[in-house]
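Residue numbers (my numbering): 74 to 641.
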């Protein structure tokens, strides 16, 4: 009995000691840092699939595991000499301010201005009071003597007088108003701190995008040795990039009326201090309906007499003369003899040919003429597309220029044509006055224009700057109606030539003609029925005209140098 009581008392004290030791051990474990070598395993780690006996035990275990993980990470971070810190990502700032202006790289001038020998009846550029930097640019371009319109225009323009000139395209009028404008800007500089963004000193209005780009290129070449900021703005592309260029003062601004009005309305362009206004090819603007837009632009400019205005047109109709009286003050009127310019520099030929044989005659000309660059003019876009695809079926490499061609592609085509990568272009009158390319040897009026003025502008693509060129017109049964107006406008009757039989012989095409991808053309519709009859007798047959079944299809594949120049 005593022994039993003694064991019971002993067991009680032993249990209390064990419980006390257990609590002490638990406190040491929770307060001791985790070194990674010893760690209290959870029930899940010990038993794998062992589950806590109760929900309360499960929550306690999870809380203990979370505490152990936090202690382990803290200990590892304090033990590791290198701490991994996440680098903050660079913040991308949105700049709403205008881009910094691009400084023009000015090359070194030639050491001296070359002495140009005098010639009877010619005016040297050096004889005129032109700024020296511009004379260096003229010398770099290889110009020595003024053209007739330049000799007449430069003298009064350099005196800041208003000038109106009747001159054909390709006579050098662009260089005339650019040279006089640059000279005035150089002789009358304005300090940079007095100029504001969006202000332009010279505004040049052009009817087409291509002409605006060409004028801008000419301006860049002439002002090569001076720090001018010249800019061209036009519709169809680059609205924001062109607007950003207006965030600094502009010296010479070339643009089409629509884009100029856009920037004026938005406040990006300010015309209140414009010193010179140039309107180029005013008759074309009148035909295209731009005169109301031009009037809105002129109303924003300084008044007549406070600005210099130069006005150029190939024709001077009553409407054009009324505009001259409104926008110019006591202008010096200039005029070049259009008849002598055409007959002396351009060899005009008229072929009386049926509409069905026009394509065969065109191929004969490509084969037998020495074609460097050729522009083929038609009146309509569907005819343009048909003729381009028809020429391609005969392995003639060419491109199409019309209102359906996107602006970027039009620019690329013109550059390829200028560089000689493309030698033949089929164009409508929309692009007629925008093609300013030297070295155009032939212009073909596949269809005579409805207006005689357009005929003059078409053939003005060749025979430029004193060079000779060939103008070939096809007078079919429909084009004959336009011939009398052209005769009256030119002042003489052209002689129509009958082509020989071999000139209108047509072999079968080398490949099948591609379909018209511009739109869904339906047989028997306007574009293939009534339209084709007035567009040159286009047929549904693959030959497109008269053909000889017994002839060799490869016999006209470019044996002569003339045809090979227009092929791949």
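Cβ atoms here follow ideal geometry from the backbone N, Cα and C, with glycine treated the same way.
(Q) Output needed for residue 265: all residues of its chain with C-beta closer than 8 Å, excluding positions within five of it in sequence on either side, in chain order. (A) 322
Q) Grouping DSSP H, G and I as helix and E and B as strand, with all else coil, what is residue 298? A) coil
Q. Is the beta carbon of residue 259 sitting closer than 8 Å to the one on residue 351?
A. no
(Q) Using a Cβ-Cβ cutoff of less than 7 Å, which residues in the same chain neighbour residue 555 once the five nearest sequence positions on both sides are dropped? (A) 521, 522, 523
Q.
Does residue 509 come out as helix, strand or coil in the three-state DSSP assignment?
A. coil
(Q) Using C-beta distances below 6 Å, list every residue in its chain close to residue 378, excluding the 5 sequence neighbours before and after it, in chain order. (A) 402
(Q) Check this for me: beta carbons of residue 306 and residue 326, under 8 Å apart or not? (A) yes
Q) Which residue's Cα is closest to the Cα of residue 564: 551, 578, 529, 540? A) 529
Q) Which residues in the same chain as residue 373 place their Cβ atom closer than 8 Å to its Cβ, once the five residues preceding and following it in sequence are excluded? A) 337, 344, 345
Q. Around the Cβ of residue 390, are there at least 16 other Cβ atoms within 10 angstroms (buried) or fewer (exposed)?
A. exposed
Q.
Beta-carbon within less than 6 Å of residue 560's beta-carbon, same chain only, minus the 5 sequence neighbours each way: which residues are those?
A. 566
Q) Between the Cα of residue 487 and the Cα atoms of 210, 502, 286, which residue gives the shortest distance? A) 286
Q: Would you kindly work out how many angstroms separate the C-alpha atoms of residue 179 and residue 436, rounded to a whole number?
A: 47 Å
Q.
By DSSP's criteria, residue 423 is part of a beta bridge. Which residues make up the other side?
A. 546, 569
Q | Beta-carbon spacing of residue 405, residue 239 below 8 Å | A | no
Q | Rounded straight-line distance, which links the Cα of residue 331 to that of residue 364 | A | 11 Å
(Q) Out of 206, 215, 361, 398, which one is the CA nearest neighbour of residue 236? (A) 398
Q) What three-state label does DSSP hand residue 473 in the structure shown? A) strand
(Q) Does residue 310 pass the burial test, meaning 16 or more other C-beta atoms within 10 Å, or should it be called exposed? (A) exposed
**Q.** Whole-angstrom C-beta distance between residue 462 and residue 358, which should lie under 8 Å
**A.** Between residue 462 and residue 358 the Cβ distance is about 33 Å, and since that is not below 8 Å, they are no contact.
Q.
So, at 7 Å on beta carbons, what are the nonlocal neighbours of residue 571 in its own chain, with the 5 sequence-adjacent residues on each side left out?
A. 425
Q: Measure the beta-carbon distance from residue 433 to residue 579 and round it to whole angstroms, keeping in mind my assumption that it falls under 8 Å.
A: 4 Å
Q. Smallest Cα separation from residue 443: which of 341, 497, 385, 589?
A. 497
Q: Alpha carbon to alpha carbon, how far is residue 492 from residue 511? Give it in angstroms, no decimals.
A: 10 Å
Q) Residue range of the beta strand (DSSP E) that residue 398 falls in? A) Residue 398 -> not in any beta strand (DSSP E); alpha helix (DSSP H) instead, spanning 391-400.
Q. Residue 305 lies in the beta strand (DSSP E); which residues open and close that run?
A. 303-306
Q: State the DSSP-derived secondary structure class of residue 449, mapped to helix, strand or coil.
A: strand
Q | Option nearest residue 516 by Cα separation, candidates 535, 472, 525 | A | 535
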